Every structure is written in C-alpha cells, then in structure tokens.
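Engineer: I have a structure here, written as structure tokens, and I will follow up with some questions on it.
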Amino acid sequence: QVKARASAKSVPVPVFYWLGDLLHPCKIGMSEDVQIDFDFCEPDESDYHGVGELLKRGTLDFVNGLNYAELVDSLVNQGNIGTLIKADKEGDDEAVCAALTVLNFRQFKHLSWPKEIIKEFSKRSKAHAPSDVHQKFEALIGTWENRNDIGLLLNERFINLPLDLIPPLHKGLPEDIEWSCSTPDCPEDERIFYNFKFYVGVARQLEELPTEENSEGASASNSVPSSTDGLGQRKRKRKRGEAVSSSHGKWTPVFVNAEDEAYVRRALLSFSFSMPRQSRREDGSTETKQGKEHRVVYVITRSEFEKTTAELESILKTKS
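Just so we're aligned: the sequence shown equals residues 3 to 322 in the working numbering.
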C-alpha cells in the first residue's frame, strides 16, 4: 500500500543506479539522466526479496551468523511501522531503493536475529569502546530481554537516492509509531512493544583521501567521534587502529548516508570500529579496496531522534 503522506514523484538520477553498486554508484561515461517514479510504501510480504537484497548489502554485514531470512521477514511483516521507497513500482524494473523501520528486540526474542545482533554489538563494544562507554552500553543493551523500549533502527538505502526523499521518509517513522500506539486497529498485545525510548542503529563510513578541492571540508565535522559518552560528548582517547581524522593527505572517514551523521551527533553514546573496505562487482562478487570502512554503533533516545528527523531537511541542504 502506498503511504498517503507522500505521492510518487519523478526525479532525474543516473542510469547506473540500477546496477545496484552501493559503494560506487556513479561511473564516468556510464550515466545519463532518466525520469524515475518513487513511491513511499508500507512494508509487505511481497517485498521480501527486494528488502533482503538491501539488508544483505547493508551495515550489519559484520554480524556473523545473522539469519537474514528472519530479519527480513520481521521487517516486511511489520506494515504498521516503517516505510520502503520503491522505484518504478509495479513496473518491469521495480526496485526497493530504501527501507527504514525500527524493530523491538524483545518482541522478536523467539527468533535468532536479536540474540546474534546483540551478541556482536557487545563483542565490538568490549573490543573498541572506552570502558565507560562500554559499561553504559552494556547496562542498556544487556537488559533487552526484560524491557520493551529498545528498538533496532534499520536505515538502508541506495547512496545516490535523491536527498529530497530522505526527510519525508524519516519524518514518517515517528508518525507510524504514534499511530500504532493510539489506534484501536493495532492489537493491544502488540502496542506494548511500540513504546520505544531508545533506538540502536549502525552507520557506515568510508575512508576517503581528501583532494585539494575538499581537503578543508574533510575534517572532524565529517568524521565520527571514536566514541561518545552518556551526554553525547566526544571521548578523546582512541584505541589503537581506529581512524584519525585529518585533512592533510590522510584517509578521512566520512559518512555514507548524511542522515546517519546527524543521528550519531545526537546520540546518547556511540563507538566505532574498522573493517576492510569492499566493493561489489557487477557479477555480485566483492573486491577489497584501498582504505577502510567503519561501522558506528550508536544509541539515540526517541526524543532526540524525533528532533533530528524534524530538522533533517535543513541539515541535508547543507550537504547538497
């Protein structure tokens, strides 16, 4: 079902969009502008394969043993909360270009994905976060089986999705949650899982080598703090091997999705770790690239998330 708050629109984007290479969507000499209709849609079982492809190539690729089948099934069967952006809906080239939702860890405790994700979060926190950040993170995430207010925030999209689609996509999530908590159409035994207080998200960064043109801008404003504490303050101490932001010819981590940077900066706490940088070839295989990728695990309160979504339009204007 198409969301009532956003109608289809035509936006010129590169043809290479359809090759689905999330890391390198634009190749010189291979693009031209075409008109593509985008629709904001409720998740549905029929979107299983499209959502699956998006998630498998997303930010949770560091979670060993993750049962994507279960995770995708949980997402597409939660039609009351979350939105998909589809291109060429019901056409020959229909594609799921973005998926945004939040899933309550405890609601799905009978499945394996909450345990696997949280286990990996705890492992990475212990290895990469300062001790005080790790302790605060564990104090929260370690209680997930006994509380209903912690959700996994999933924000996956093609990186060259037109930026003017992002604010309405994200503003819709608080609206969905508010509706689900108040409507009699939602069963009471489900509503208890929608009173979120905390969202746990994962953002992706890539290391880029600043050019003369962007070297001044490639500074700490684009890079992740190695961690933040309970007040959202940056922690200065870095662990060995973590990226250091620099604009003097050194690799600098930048956020792949601009909205993720906004959420991390409002986070209650966060920590990061590096991974080999990989690119997907057209045949589906991967190759290791120069530089590194980073994953930023962050916890943001529901109130700060909603404040950020309300400001996304102005935030993203500075990125365009």
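Quick reminder that beta carbons are idealized off the backbone N, C-alpha and C, glycines included.
Bear in mind that the values here come from a model prediction, so they are computed numbers and not experimental data.
1) Does E177 come out as helix, strand or coil in the three-state DSSP assignment?
2) Between which residues of its own chain and G1 is the CB-CB distance below 7 Å, once the five residues before and five after are set aside?
3) Quick one: is R206 buried, meaning 16 or more other Cβ sit within 10 Å of its Cβ, or exposed?
4) Would you kindly check if the distance between the Cβ of F273 and the Cβ of H296 is under 8 Å?
5) Assign A89 to one of two classes, buried (16 or more other C-beta atoms within 10 Å of its C-beta) or exposed (fewer than that).
6) Do P45 and L86 have their C-beta atoms within less than 8 Å of each other?
7) Does the contact criterion of 3 or more C-beta pairs under 8 Å hold for the segment 195-206 versus the segment 144-158?
8) Over what stretch of residues does the alpha helix (DSSP H) that includes G54 continue unbroken?
9) When you compare the segment 113-125 with the segment 160-176, are there three or more beta-carbon pairs, one atom per stretch, that lie closer than 8 Å?
10) As a quick exercise: from Y265, V266 and K294, pick the residue whose alpha carbon is nearest that of R332.
11) Please report the straight-line C-alpha distance between S76 and K117, rounded to a whole angstrom.
12) P186: buried (16+ other C-beta within 10 angstroms of its C-beta) or exposed?
13) Under 8 Å, do L73 and H172 count as touching if we go by C-beta distance?
14) Out of K91, G67, K111 and Y70, which has the shortest C-alpha to C-alpha gap to T145?
15) Nearest to E92 by CA position, among C43, L271, K199 and E308, is which residue?
16) For my contact list, F160 and A100 are in at a C-beta cut-off of 8 Å; report their separation, rounded to the angstrom.
17) Measuring CA to CA, which of N82, Q109, P169 and L113 is closest to A264?
18) Beta carbon of N150, beta carbon of R108: below 8 Å?
19) In terms of alpha-carbon separation, which member of H130, A260 and N82 lies closest to L208?
20) Could you tell me if S316 is buried or exposed, where buried requires 16 or more neighbouring beta carbons within 10 angstroms of its beta carbon?
21) Is it buried or exposed for P132, if we count other Cβ within 10 angstroms and need 16 for buried?
22) Tell me the DSSP secondary structure of L314 in three-state form.
23) Which residue marks the beginning of the beta strand (DSSP E) containing A269, and which one marks its end?
24) Could you pull out every residue in the same chain whose Cβ sits closer than 7 Å to the Cβ of L56, ignoring the five residues on either side in sequence?
25) Using DSSP with H/G/I as helix, E/B as strand and the rest coil, what is I119?
26) How far does the beta strand (DSSP E) with K138 in it reach, from first residue to last?
27) For chain D, check one thing: does any of its Cβ atoms lie closer than 8 Å to the Cβ of E313?
28) Where do the N-terminal and C-terminal ends of the beta strand (DSSP E) with E96 fall, by residue?
Structural biologist: Working from what's here:
1) helix
2) Because the chain is modelled from 3 through 322, residue 1 falls outside the range shown and cannot be assessed.
3) buried
4) F273 sits away from H296, with the two beta carbons spaced by 8 Å or more.
5) buried
6) yes
7) Short answer: they touch.
8) In the DSSP assignment, G54 falls within the alpha helix (DSSP H) that extends over Y50 to K58.
9) no
10) Past the edges of the chain, shown from 3 to 322, lies residue 332, and the structure says nothing about it.
11) 14 Å
12) By the neighbour-count rule (16 or more Cβ atoms within 10 Å), P186 is not buried but exposed.
13) no
14) K111
15) C43
16) About 7 Å separates the two Cβ atoms, so the contact holds.
17) P169
18) yes
19) A260
20) exposed
21) buried
22) helix
23) Taken as a continuous stretch (DSSP letters only), A269 belongs to no beta strand (DSSP E), as it is neither H nor E.
24) Closer than 7 Å at the Cβ level, and outside the excluded window around L56, lie V98, A101 and E158.
25) helix
26) Element bounds for K138: not the beta strand (DSSP E) but the alpha helix (DSSP H), S133 to I143.
27) Although the question refers to chain D, the structure presented lacks it and comprises just one protein chain.
28) Premise fails: E96 is in no beta strand (DSSP E) and is neither H nor E.
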